[in-house]
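In the UniProt record's numbering, the protein residues as written are 1 to 262. Worksheet: one structure, shown below.
Okay, here's the thing in C-alpha coordinates:
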(Lines of atoms letter the chains of each structure in order from A and count residues from 1; the text may use other names and numbers.)
(Lines give C-alpha, C1' and ligand atoms only; values in the text may rest on other atoms or scores of the structure.)
Protein backbone atom coordinates (compact mmCIF):
# COMPACT_ATOMS: atom_id res chain seq x y z
CA UNK A 1 0.00 0.00 0.00
CA UNK A 2 1.27 3.47 -0.84
CA UNK A 3 1.76 5.58 2.27
CA UNK A 4 0.24 9.04 2.66
CA UNK A 5 3.63 10.77 2.73
CA UNK A 6 4.62 9.10 -0.56
CA UNK A 7 1.39 10.26 -2.18
CA UNK A 8 1.84 13.79 -0.87
CA UNK A 9 5.39 13.90 -2.22
CA UNK A 10 4.15 12.72 -5.63
CA UNK A 11 1.45 15.41 -5.50
CA UNK A 12 3.94 18.18 -4.71
CA UNK A 13 6.54 17.03 -7.22
CA UNK A 14 4.29 16.15 -10.15
CA UNK A 15 1.27 18.42 -9.85
CA UNK A 16 2.45 21.71 -8.39
CA UNK A 17 3.98 22.79 -11.68
CA UNK A 18 2.59 24.12 -14.98
CA UNK A 19 0.83 20.74 -15.13
CA UNK A 20 -1.62 22.13 -12.57
CA UNK A 21 -3.06 24.68 -14.99
CA UNK A 22 -3.27 23.16 -18.49
CA UNK A 23 -5.96 25.61 -19.63
CA UNK A 24 -4.02 28.77 -18.73
CA UNK A 25 -3.89 31.52 -21.33
CA UNK A 26 -1.07 33.31 -19.52
CA UNK A 27 1.42 32.63 -16.71
CA UNK A 28 3.75 35.12 -15.02
CA UNK A 29 6.23 34.49 -12.21
CA UNK A 30 6.52 36.53 -9.01
CA UNK A 31 9.18 34.96 -6.83
CA UNK A 32 7.91 31.44 -6.04
CA UNK A 33 4.39 32.30 -7.24
CA UNK A 34 2.80 31.38 -10.54
CA UNK A 35 0.26 34.03 -11.51
CA UNK A 36 -2.12 32.34 -13.92
CA UNK A 37 -4.76 33.92 -16.15
CA UNK A 38 -7.68 31.87 -17.43
CA UNK A 39 -10.29 32.70 -20.03
CA UNK A 40 -13.38 34.42 -18.68
CA UNK A 41 -11.58 36.96 -16.49
CA UNK A 42 -10.27 34.57 -13.84
CA UNK A 43 -6.90 34.87 -12.10
CA UNK A 44 -5.26 32.10 -10.09
CA UNK A 45 -2.27 32.03 -7.73
CA UNK A 46 -0.37 28.83 -7.00
CA UNK A 47 3.17 27.64 -6.22
CA UNK A 48 5.29 24.58 -5.38
CA UNK A 49 6.08 26.16 -2.01
CA UNK A 50 6.86 29.63 -0.68
CA UNK A 51 10.61 29.01 -0.60
CA UNK A 52 10.97 29.78 3.11
CA UNK A 53 9.51 33.29 2.83
CA UNK A 54 8.97 35.26 6.02
CA UNK A 55 5.65 36.84 6.98
CA UNK A 56 6.91 40.19 5.70
CA UNK A 57 8.02 38.68 2.39
CA UNK A 58 4.71 36.84 2.02
CA UNK A 59 2.82 40.10 2.58
CA UNK A 60 4.80 41.61 -0.29
CA UNK A 61 3.95 38.66 -2.52
CA UNK A 62 0.23 39.02 -1.82
CA UNK A 63 0.30 42.75 -2.62
CA UNK A 64 2.35 42.16 -5.76
CA UNK A 65 0.11 39.37 -7.01
CA UNK A 66 -3.03 41.41 -6.48
CA UNK A 67 -1.46 44.41 -8.24
CA UNK A 68 -0.66 42.16 -11.20
CA UNK A 69 -4.26 41.05 -11.60
CA UNK A 70 -5.98 44.36 -10.85
CA UNK A 71 -3.87 45.98 -13.58
CA UNK A 72 -5.79 43.84 -16.09
CA UNK A 73 -9.35 45.25 -16.34
CA UNK A 74 -10.63 41.95 -17.72
CA UNK A 75 -9.81 40.10 -14.50
CA UNK A 76 -12.93 40.07 -12.33
CA UNK A 77 -11.97 37.45 -9.76
CA UNK A 78 -8.84 35.82 -8.37
CA UNK A 79 -8.31 32.58 -6.46
CA UNK A 80 -5.26 32.06 -4.21
CA UNK A 81 -4.90 28.31 -3.62
CA UNK A 82 -3.35 27.40 -0.26
CA UNK A 83 -2.34 23.98 1.05
CA UNK A 84 -2.45 22.96 4.68
CA UNK A 85 1.02 21.38 4.72
CA UNK A 86 2.83 24.49 3.43
CA UNK A 87 4.96 26.72 5.63
CA UNK A 88 3.23 30.08 5.10
CA UNK A 89 3.66 32.44 8.07
CA UNK A 90 1.09 35.23 8.12
CA UNK A 91 -0.54 34.26 4.82
CA UNK A 92 -4.08 33.86 6.14
CA UNK A 93 -4.17 37.27 7.80
CA UNK A 94 -2.52 39.00 4.86
CA UNK A 95 -5.00 37.56 2.37
CA UNK A 96 -7.94 38.69 4.51
CA UNK A 97 -6.39 42.14 4.90
CA UNK A 98 -6.25 42.42 1.09
CA UNK A 99 -9.95 41.64 0.60
CA UNK A 100 -9.66 37.92 -0.08
CA UNK A 101 -12.30 35.70 1.50
CA UNK A 102 -11.64 32.13 2.58
CA UNK A 103 -13.82 29.35 1.18
CA UNK A 104 -14.46 26.06 2.93
CA UNK A 105 -11.49 23.80 3.60
CA UNK A 106 -11.32 20.86 1.20
CA UNK A 107 -9.46 17.55 1.52
CA UNK A 108 -6.69 16.65 -0.93
CA UNK A 109 -7.50 13.03 -1.75
CA UNK A 110 -5.10 10.73 -3.63
CA UNK A 111 -5.07 7.02 -4.40
CA UNK A 112 -4.87 4.29 -6.98
CA UNK A 113 -7.28 4.74 -9.88
CA UNK A 114 -8.05 1.03 -9.73
CA UNK A 115 -9.52 1.49 -6.24
CA UNK A 116 -12.33 3.60 -7.68
CA UNK A 117 -13.37 1.12 -10.36
CA UNK A 118 -16.52 -0.69 -9.32
CA UNK A 119 -19.82 -1.84 -10.74
CA UNK A 120 -22.25 0.49 -9.03
CA UNK A 121 -26.00 -0.24 -9.23
CA UNK A 122 -27.77 2.89 -10.43
CA UNK A 123 -31.29 3.99 -9.56
CA UNK A 124 -33.82 3.03 -12.21
CA UNK A 125 -33.73 5.36 -15.19
CA UNK A 126 -30.29 6.84 -14.42
CA UNK A 127 -27.53 6.59 -17.03
CA UNK A 128 -23.89 7.74 -17.08
CA UNK A 129 -22.20 9.03 -20.22
CA UNK A 130 -19.43 11.26 -21.52
CA UNK A 131 -20.56 14.52 -23.15
CA UNK A 132 -18.86 16.59 -25.84
CA UNK A 133 -21.58 18.61 -27.60
CA UNK A 134 -22.20 22.28 -26.72
CA UNK A 135 -25.84 21.93 -25.50
CA UNK A 136 -24.80 19.12 -23.13
CA UNK A 137 -21.77 21.06 -21.89
CA UNK A 138 -23.83 24.16 -21.16
CA UNK A 139 -26.49 22.09 -19.38
CA UNK A 140 -23.77 20.43 -17.30
CA UNK A 141 -22.20 23.76 -16.31
CA UNK A 142 -25.60 25.23 -15.41
CA UNK A 143 -26.33 22.28 -13.13
CA UNK A 144 -22.94 22.61 -11.42
CA UNK A 145 -23.50 26.35 -11.05
CA UNK A 146 -26.84 25.71 -9.34
CA UNK A 147 -25.31 23.19 -6.95
CA UNK A 148 -22.25 25.32 -6.13
CA UNK A 149 -24.02 28.69 -6.18
CA UNK A 150 -21.78 29.87 -9.03
CA UNK A 151 -23.27 32.80 -10.95
CA UNK A 152 -20.58 32.50 -13.64
CA UNK A 153 -21.78 29.18 -15.10
CA UNK A 154 -22.16 30.53 -18.65
CA UNK A 155 -18.62 31.97 -18.58
CA UNK A 156 -17.43 28.64 -17.20
CA UNK A 157 -19.16 26.85 -20.07
CA UNK A 158 -17.42 29.13 -22.58
CA UNK A 159 -14.03 28.27 -21.06
CA UNK A 160 -14.81 24.54 -20.94
CA UNK A 161 -15.90 24.53 -24.58
CA UNK A 162 -12.69 26.33 -25.56
CA UNK A 163 -10.71 23.62 -23.79
CA UNK A 164 -12.61 20.88 -25.59
CA UNK A 165 -11.71 22.57 -28.87
CA UNK A 166 -8.02 22.53 -27.86
CA UNK A 167 -8.19 18.80 -27.16
CA UNK A 168 -6.02 18.77 -24.03
CA UNK A 169 -7.44 15.44 -22.83
CA UNK A 170 -10.13 16.74 -20.48
CA UNK A 171 -13.30 14.65 -20.40
CA UNK A 172 -16.77 15.64 -19.17
CA UNK A 173 -19.06 13.03 -17.61
CA UNK A 174 -22.69 13.28 -16.50
CA UNK A 175 -25.38 11.17 -14.91
CA UNK A 176 -28.90 11.77 -16.23
CA UNK A 177 -32.39 10.88 -15.11
CA UNK A 178 -35.24 11.37 -17.58
CA UNK A 179 -33.00 13.53 -19.75
CA UNK A 180 -32.04 15.85 -16.87
CA UNK A 181 -28.47 16.05 -15.59
CA UNK A 182 -28.40 15.10 -11.91
CA UNK A 183 -24.63 14.70 -11.38
CA UNK A 184 -21.53 15.74 -13.30
CA UNK A 185 -17.76 16.00 -13.15
CA UNK A 186 -14.55 16.37 -15.17
CA UNK A 187 -11.62 14.03 -15.69
CA UNK A 188 -8.31 15.80 -16.30
CA UNK A 189 -5.30 13.64 -17.19
CA UNK A 190 -2.07 15.45 -16.32
CA UNK A 191 0.53 15.13 -19.10
CA UNK A 192 3.91 13.79 -18.05
CA UNK A 193 2.66 12.48 -14.69
CA UNK A 194 1.02 9.41 -13.18
CA UNK A 195 -2.05 11.48 -12.30
CA UNK A 196 -5.52 12.20 -13.53
CA UNK A 197 -7.68 14.59 -11.55
CA UNK A 198 -11.40 14.29 -10.92
CA UNK A 199 -12.93 17.75 -10.57
CA UNK A 200 -16.18 19.64 -10.46
CA UNK A 201 -18.12 16.78 -8.89
CA UNK A 202 -21.65 18.04 -8.26
CA UNK A 203 -24.84 16.11 -7.52
CA UNK A 204 -28.30 17.53 -7.04
CA UNK A 205 -29.33 17.25 -3.40
CA UNK A 206 -32.27 14.94 -4.00
CA UNK A 207 -29.97 12.43 -5.77
CA UNK A 208 -27.25 12.24 -3.12
CA UNK A 209 -26.68 9.02 -1.21
CA UNK A 210 -28.02 6.86 -4.05
CA UNK A 211 -24.78 5.75 -5.71
CA UNK A 212 -24.92 8.26 -8.56
CA UNK A 213 -21.72 10.14 -7.73
CA UNK A 214 -19.88 6.89 -7.03
CA UNK A 215 -20.89 5.53 -10.44
CA UNK A 216 -19.78 8.75 -12.10
CA UNK A 217 -16.43 8.49 -10.31
CA UNK A 218 -16.00 4.87 -11.35
CA UNK A 219 -16.61 5.78 -14.99
CA UNK A 220 -13.95 8.49 -14.82
CA UNK A 221 -11.48 6.16 -13.09
CA UNK A 222 -11.93 3.54 -15.83
CA UNK A 223 -11.23 6.18 -18.44
CA UNK A 224 -8.13 7.36 -16.56
CA UNK A 225 -6.75 3.82 -16.47
CA UNK A 226 -7.37 3.48 -20.20
CA UNK A 227 -5.20 6.59 -20.63
CA UNK A 228 -2.39 4.92 -18.69
CA UNK A 229 -2.85 6.93 -15.48
CA UNK A 230 -2.22 5.17 -12.16
CA UNK A 231 -3.16 7.79 -9.57
CA UNK A 232 -6.28 9.87 -9.02
CA UNK A 233 -6.32 13.18 -7.16
CA UNK A 234 -9.24 15.30 -6.08
CA UNK A 235 -9.93 18.35 -3.90
CA UNK A 236 -12.97 17.02 -2.11
CA UNK A 237 -15.81 18.61 -0.20
CA UNK A 238 -17.34 16.85 2.77
CA UNK A 239 -19.97 15.44 0.39
CA UNK A 240 -17.48 13.56 -1.80
CA UNK A 241 -14.63 12.85 0.67
CA UNK A 242 -16.34 9.92 2.44
CA UNK A 243 -17.17 8.28 -0.90
CA UNK A 244 -13.54 8.47 -2.03
CA UNK A 245 -12.26 7.27 1.35
CA UNK A 246 -14.50 4.20 1.20
CA UNK A 247 -12.93 3.47 -2.18
CA UNK A 248 -9.40 3.60 -0.75
CA UNK A 249 -8.24 7.14 -1.46
CA UNK A 250 -6.28 8.86 1.28
CA UNK A 251 -6.57 12.38 2.68
CA UNK A 252 -2.99 13.61 2.40
CA UNK A 253 -3.52 17.31 3.19
CA UNK A 254 -6.04 20.11 2.89
CA UNK A 255 -6.53 23.01 0.52
CA UNK A 256 -8.34 26.27 1.15
CA UNK A 257 -9.14 28.62 -1.72
CA UNK A 258 -9.16 32.35 -0.96
CA UNK A 259 -11.19 34.43 -3.38
CA UNK A 260 -10.99 38.09 -4.37
CA UNK A 261 -13.65 39.75 -6.51
CA UNK A 262 -13.44 43.11 -8.24
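A virtual CB, placed ideally from N, CA and C, is assigned to each residue, including glycine.
Counting C-beta atoms within 10 angstroms of its own C-beta, residue 3 has fewer than 16 neighbours from the protein chains shown and is therefore classed as exposed. Its chain contains 16 as the residues whose beta carbon lies nearer than 6 Å to that of residue 48, once the 5 sequence neighbours on both sides are disregarded; these appear in chain order.
A check of alpha carbon separations from residue 91 across 116, 136, 45 identifies 45 as the nearest. Note that the stretch 206-218 does not touch the stretch 139-156; fewer than 3 beta-carbon pairs, one per stretch, sit closer than 8 Å. Look at residue 227 here: in three-state DSSP terms it is coil, with no helix or strand label. By the Cβ rule, the stretch 180-196 counts as touching the stretch 162-171, because three or more pairs are nearer than 8 Å. Here residue 174 carries a strand assignment [DSSP, helix/strand/coil].
Residue 80 is bridged by DSSP to 45, 258.
In this model, residue 114 and residue 225 are separated by some 7 Å (Cα to Cα).
With respect to the 8 Å criterion, residue 5 and residue 31 are not classified as neighbours on the basis of their beta carbons. For the pair residue 120 and residue 215, the CB atoms are nearer than the 8 Å cut-off. Beyond the five residues adjoining it in sequence on each side, residue 40 comes within less than 8 Å, by CB distance, of 152, 155, 156, 158, 159 in the same chain, given in chain order.
Contact check for residue 108 against residue 251 passes: the beta carbons are separated by less than 8 Å. Residue 112 is bridged by DSSP to 231. Looking only at 182, 88, 218, 13, the smallest Cα-Cα distance to residue 112 is reached by 218. Secondary structure of residue 166 (DSSP, three-state): helix. Counted as a single uninterrupted DSSP element, the alpha helix (DSSP H) harbouring residue 61 occupies residues 55-70. Annotation for residue 188: the continuous beta strand (DSSP E) segment containing it runs 180-189.
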